[in-house]
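Notes follow the structure.
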Amino acid sequence: MIRKTGTYSWRRFLGDVSGGLVAALIALPYGLSMAALMGLPPVFGVLTSILTAPITAALGRNPVLIGGTASATVPFIANAVRAQGIGGAAKVSIVASVLMMAFCVLRLGRHGSKVPAAVVAGFSSGIGAIMVVSQLNVILGVPAPARANSLAQLIALLGQAPNARIAPLLLGGIVIAAASLSARLRSVLPAPLIGIVLSGLIARLASLHEPEVGSLQLALPAFAGFAWSPEDVWNVLPTGLALAFVTSVNLLLTSRVVEHFRGRHKNLKRSDADAELGAYGIANLCAGIFGAPLSVGIPARSLANLRCGGTSRISNLLHAVFLFALVRLGSGLLAHIPLAALAGVTAWMGFCLLEWSTWRRLAHMSPIDGGAFFITAFGVLLTNAVAAVLAGCAFYALGHVYRRYLGPSARMSEAAAGAVE
26 MIRKTGTYSW RRFLGDVSGG LVAALIALPY GLSMAALMGL PPVFGVLTSI
76 LTAPITAALG RNPVLIGGTA SATVPFIANA VRAQGIGGAA KVSIVASVLM
126 MAFCVLRLGR HGSKVPAAVV AGFSSGIGAI MVVSQLNVIL GVPAPARANS
176 LAQLIALLGQ APNARIAPLL LGGIVIAAAS LSARLRSVLP APLIGIVLSG
226 LIARLASLHE PEVGSLQLAL PAFAGFAWSP EDVWNVLPTG LALAFVTSVN
276 LLLTSRVVEH FRGRHKNLKR SDADAELGAY GIANLCAGIF GAPLSVGIPA
326 RSLANLRCGG TSRISNLLHA VFLFALVRLG SGLLAHIPLA ALAGVTAWMG
376 FCLLEWSTWR RLAHMSPIDG GAFFITAFGV LLTNAVAAVL AGCAFYALGH
426 VYRRYLGPSA RMSEAAAGAV E
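Rendered as structure tokens:
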């Protein structure tokens with residue numbers, strides 16, 4: 026019998042444990058790769074999650090939203106690292122964090138609820154496609170092509186499909202198949218974790234010598250040393266403002282996507298959206314003083330948390346605890362997880378984010394909603410999330426202007442008014 030304390034039960038706790046563990050497994054390779062792309066020590070990508078999760082779990086308003094290092098922030102921090110090293114990354118991150126707190130005080134977060142649902146669905150679908158594309162080279166066992174956008178990368182990878190290797194394809198496919206099957210049979214099971222275990226066992230039993238996570242050393246770095254100069258007003262502040270804007274938009278839209286998959290189709294309260302920005306601003310300030318990159322709401326690990334039973338902010342906190350334990354205490358076991366297995370987890374989460382229900386009812390959607398969905402989804406693949414969302418919102422607004430002032434209904438109203446005169 027499950028004993029309950031208030032509204033929180035042992036069943037919910039076990040779900041939070043499962044969700045937090047799988048989210049940590051996804052966060053580990055992704056955080057390492059993002060930090061490396063920025064020019065920072067790879068372990069800094071893991072430190073971001075460990076340092077910020079307790080704060081966002083305590084102060085954030087979306088209980089199952091899990092943050093971490095995101096690709097949207099890579100260009101800004103990478104430029105700062107190239108210019109001024111880790112100290113430059115710290116300066117840009119601190120400025121962006123302070124500006125996010127300012128956005129909270131100015132109550133700018135609530136405007137995120139005005140983004141049309143079709144645009145949010147397109148954002149979710151585009152992010153899901155990026156997650157799948159980003160892992161295809163690992164699953165296929167081919168080199169990652171250097172392309173300007175995800176769509177071009179997908180085309181290049183499909184061209185390399187005949188060169189795919191069986192071993193990584195098998196390991197990644199096992200994870201995707203096992204996760205899909207276990208999710209269908211019983212949703213409370215940690216579906217991706219089952220796939221990872223099966224993939225690891227098969228790799229060991231069949232002696233498949235595929236790339237593995239490898240050993241990691243986690244230690245809290247010293248405070249990032251830097252000095253401000255008059256030139257930083259023109260160099261750091263504009264970059265910090267752009268980084269704060271991109272981070273805030275991604276955070277608010279990801280929060281809405283996660284709410285949708287929770288089955289809550291109403292928007293967060295306006296005050297909750299503002300508070301979410303403030304919570305992540307405070308958390309990122311704590312990470313930034315060490316030179317660690319900013320934390321943004323991550324769809325992959327948030328959805329993994331949900332799919333594996335996470336229901337409360339405890340799952341976010343446990344995700345950080347598991348990350349720390351995996352690196353510090355379980356590095357020996359963790360080191361032997363095949364990278365193809367973790368790529369399969371991320372790809373499976375990407376498939377889940379593709380908004381299949383929206384695609385099925387696309388023929389019945391209005392031209393404005395359908396167009397906004399398409400523009401946003403493909404815009405994410407071709408440009409970036411912020412530009413795609415702005416384009417989708419612009420199309421939505423122009424469509425409504427046309428329908429109101431230039432469309433058939435507007436002409437009928439004018440004709441009726443003329444007849445009355």
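So the sequence shown is numbered by my numbering: it starts at 26 and just counts up by one. Backbone N, C-alpha and C define an ideal beta-carbon position, used for all residues, glycine too. All values derive from a computational prediction rather than experimental measurement.
Exercise for the section: Flag this pair as touching only if the segment 107 to 124 and the segment 364 to 375 have three or more C-beta atom pairs under 8 Å; answer yes or no. Expected result: Touching, no, given that fewer than three Cβ pairs across the two stretches are closer than 8 Å.
Handout entry: Environment of residue 188 [buried if 16+ CB atoms lie within 10 Å]
Key = For the purposes of this step, residue 188 is identified with residue 163 of the sequence shown, where counting begins at 1. Taking all protein chains shown into account, residue 188 has fewer than 16 neighbouring C-beta atoms within 10 Å of its C-beta and is therefore exposed.
Exercise for the section: Can you give me the Cβ contacts of residue 13 inside the same chain, cut-off strictly under 6 Å, excluding the 5 residues immediately before and after it? Expected result: The structure shown does not extend to residue 13, since the chain is modelled only from 26 through 446, so no value can be given for it.
Exercise for the section: Using a threshold of 8 Å, state whether the C-beta atoms of residue 148 and residue 278 are closer than that. Expected result: As a first step, residue 148 is located in the sequence shown; it is residue number 123 there, counting from the start. As a first step, residue 278 is located in the sequence shown; it is residue number 253 there, counting from the start. Their beta carbons are under 8 Å apart, which means residue 148 touches residue 278 by this criterion.
Problem - Given residue 142 as reference, the closest of 339, 364, 312 and 284 once Cα atoms are compared - result: Residue 142 sits at position 117 when you count from the first residue of the sequence shown. If we check each option's Cα against that of residue 142, 284 comes out closest.
Problem - Where residue 321 sits in the DSSP three-state scheme - result: To locate residue 321, count along the sequence shown from 1; it is residue 296. Residue 321 carries a strand assignment under DSSP once its states are collapsed to helix, strand and coil.
Practice task
Counting only the same chain and skipping the five closest in sequence on each side, list residues whose C-beta sits under 8 Å from that of residue 324.
Solution key: Taking the first residue of the sequence shown as position 1, residue 324 is located at position 299. Within the same chain, residue 324 has close Cβ partners 149, 152, 153, 156, 279, 282, 283, 374 and 378.
Practice task
Look at residue 81 and residue 360 and say whether their C-beta atoms are less than 8 Å apart.
Solution key: One-based indexing of the sequence shown puts residue 81 at position 56. One-based indexing of the sequence shown puts residue 360 at position 335. Cβ atoms of residue 81 and residue 360: not closer than 8 Å.
Exercise for the section: Could you have a look at residue 118 and say whether DSSP puts it in helix, strand or coil? Expected result: Translated into the one-based positions of the sequence shown, residue 118 becomes position 93. For residue 118, the three-state secondary structure derived from DSSP is helix.
Exercise for the section: Assign residue 363 to one of three DSSP states: helix, strand, or coil. Expected result: Here residue 363 is taken as the residue at index 338 of the sequence shown, counted from 1. Secondary structure of residue 363 (DSSP, three-state): strand.
Handout entry: Nearest-angstrom Cα separation, counted from residue 47 out to residue 190
Key = As a working mapping, residue 190 is identified with position 165 in the sequence shown. As a working mapping, residue 47 is identified with position 22 in the sequence shown. The straight-line gap separating the alpha-carbon atoms of residue 190 and residue 47 is approximately 26 Å.
Exercise for the section: Could you spell out where the alpha helix (DSSP H) holding residue 338 opens and where it closes? Expected result: Translated into positions along the sequence shown, residue 338 becomes position 313. Residue range 338 to 353 is occupied by the alpha helix (DSSP H) that includes residue 338.
Practice task
Output the distance between the C-alpha atoms of residue 392 and residue 429, rounded to the nearest integer angstrom.
Solution key: Here residue 392 is taken as the residue at index 367 of the sequence shown, counted from 1. Here residue 429 is taken as the residue at index 404 of the sequence shown, counted from 1. Approximately 14 Å, taken between the alpha carbons.
Problem - Whole-angstrom distance between residue 123 and residue 221, CA atom to CA atom - result: Within the sequence shown, residue 221 is the residue found at index 196, counting from 1. Within the sequence shown, residue 123 is the residue found at index 98, counting from 1. One C-alpha to the other measures close to 39 Å.
Exercise for the section: Measure the alpha-carbon distance for residue 418 versus residue 398 and round it to whole angstroms. Expected result: Within the sequence shown, the letter at position 393 stands for residue 418. Within the sequence shown, the letter at position 373 stands for residue 398. Residue 418 and residue 398: Cα-Cα distance of roughly 10 Å.
Handout entry: Other residues of its chain near residue 162: CB distance less than 7 Å, five sequence neighbours each side excluded
Key = Sequence index remark: in the sequence shown, residue 162 carries index 137 (1-based). Its chain contains 168, 169 and 182 as the residues whose beta carbon lies nearer than 7 Å to that of residue 162, once the 5 sequence neighbours on both sides are disregarded; these appear in chain order.
Exercise for the section: Note the first and the last residue of the continuous alpha helix (DSSP H) segment covering residue 425. Expected result: Within the sequence shown, the letter at position 400 stands for residue 425. From DSSP, the alpha helix (DSSP H) with residue 425 extends over 410 to 426.
Practice task
For the alpha helix (DSSP H) containing residue 379, list its first residue and its last residue.
Solution key: Position 354 of the sequence shown, counted from the first residue, corresponds to residue 379. Element bounds for residue 379: n/a, residue is neither H nor E.
Problem - Boundaries of the alpha helix (DSSP H) in which residue 96 is found, first to last residue - result: Position 71 of the sequence shown, counting from 1, holds the residue named residue 96. In the DSSP annotation of this structure, residue 96 is not part of any alpha helix (DSSP H), being labelled neither H nor E.
Handout entry: Sequence-distant residues of its chain with Cβ nearer than 8 Å to residue 237 (five each side left out)
Key = As a position in the sequence shown, residue 237 is number 212, starting the count at 1. Counting only Cβ-Cβ distances below 8 Å, and skipping sequence neighbours, we find 360, 361, 362, 363 and 364.
Handout entry: Any non-hydrogen atom of the ligand GDP closer than 7 Å to residue 268 Cβ
Key = With respect to the ligand GDP, the structure shown offers nothing to examine, as it has no ligands at all.
Exercise for the section: Please specify which runs of the alpha helix (DSSP H), each continuous and at least 4 residues long, are wholly inside the segment 113 to 166, giving them in chain order. Expected result: List check, alpha helix (DSSP H) in window: 142 to 165.
Handout entry: Selected residue, minimal CA-CA separation from residue 79, among 269, 343 and 180
Key = Position 54 of the sequence shown, counted from the first residue, corresponds to residue 79. Nearest to residue 79 by C-alpha distance, out of 269, 343 and 180, is 343.
Practice task
Use the C-beta contact count for residue 301: other C-beta atoms within 10 angstroms, 16 or more gives buried, fewer gives exposed.
Solution key: Position 276 of the sequence shown holds residue 301. So residue 301 ends up on the buried side.
Practice task
Out of 426, 401 and 409, state which residue places its alpha-carbon closest to the alpha-carbon of residue 140.
Solution key: Translated into positions along the sequence shown, residue 140 becomes position 115. For the set 426, 401 and 409, the Cα lying nearest the Cα of residue 140 is the one of 401.
Handout entry: Extent of the continuous alpha helix (DSSP H) run through residue 429
Key = Along the sequence shown, read from residue 1 onward, the residue named residue 429 stands at position 404. No alpha helix (DSSP H) contains residue 429, which DSSP labels as neither H nor E.
Problem - Where residue 335 sits in the DSSP three-state scheme - result: Taking the first residue of the sequence shown as position 1, residue 335 is located at position 310. If DSSP states are grouped into helix, strand and coil, residue 335 belongs with coil.
Exercise for the section: Would you mind giving the Cβ-Cβ distance between residue 196 and residue 165, rounded to the nearest angstrom? I have them listed as a contact below 8 Å. Expected result: In the sequence shown, counting from the first residue as 1, residue 196 sits at position 171. In the sequence shown, counting from the first residue as 1, residue 165 sits at position 140. At roughly 11 Å, the Cβ-Cβ gap does not stay under 8 Å, so residue 196 and residue 165 are not in contact.
Handout entry: residue 52 and residue 326 closer than 8 Å at C-beta
Key = Locating residue 52 in the sequence shown gives position 27, counting from the first residue. Locating residue 326 in the sequence shown gives position 301, counting from the first residue. Yes, the pair counts as a contact, with Cβ atoms nearer than the cut-off.
Exercise for the section: Pull up the distance between the alpha-carbon of residue 287 and that of residue 158, whole angstroms please. Expected result: Position 262 of the sequence shown holds residue 287. Position 133 of the sequence shown holds residue 158. One C-alpha to the other measures close to 25 Å.
Practice task
Counting only the same chain and skipping the five closest in sequence on each side, list residues whose C-beta sits under 6 Å from that of residue 367.
Solution key: The residue labelled residue 367 in the question sits at position 342 within the sequence shown. For residue 367, where only same-chain residues beyond five positions count, the Cβ hits under 6 Å are 54.
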